[in-house]
Amino acid sequence: MAKVAVPLDAELVVEVMVLTGVGNPRDAVELVVRDYIARGHRTEARTAARDEVLRDADGTPRDVQG
Numbered sequence: 127m128a129k130v131a132v133p134l135d136a137e138l139v140v141e142v143m144v145l146t147g148v149g150n151p152r153d154a155v156e157l158v159v160r161d162y163i164a165r166g167h168r169t170e171a172r173t174a175a176r177d178e179v180l181r182d183a184d185g186t187p188r189d190v191q192g
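In the numbering used here, the protein residues as written are 127 to 192.
Laid out in structure tokens, this is it:
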């Protein structure tokens, strides 16, 4: 995998290290990025499932009583 160097504010990196409990700045930032991506994938999966249910519900004709 290709590596990218990104300069970050030292206070931001220290905060990430404290929150993740990781002593290596590179590993701490990587954990946060991987978690962010995984969370996005979970959200997409839930949204897709809900959209599918709504799509199925809209496709069925409704009985009109009157």
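From the three backbone atoms N, C-alpha and C, an ideal C-beta is built for every residue, glycine too. This one's a predicted model, so the numbers in the text were calculated from it and none came from an experiment.
- CA-to-CA, the gap between residue 143 and residue 175 works out to about 35 angstroms.
- Judged by DSSP in its simplified three-state form, residue 151 adopts helix.
- In summary, residue 131 is exposed, with fewer than 16 beta-carbon neighbours lying within 10 Å of its beta-carbon over all protein chains present.
- C-alpha of residue 158 to C-alpha of residue 146: approximately 8 angstroms in a straight line.
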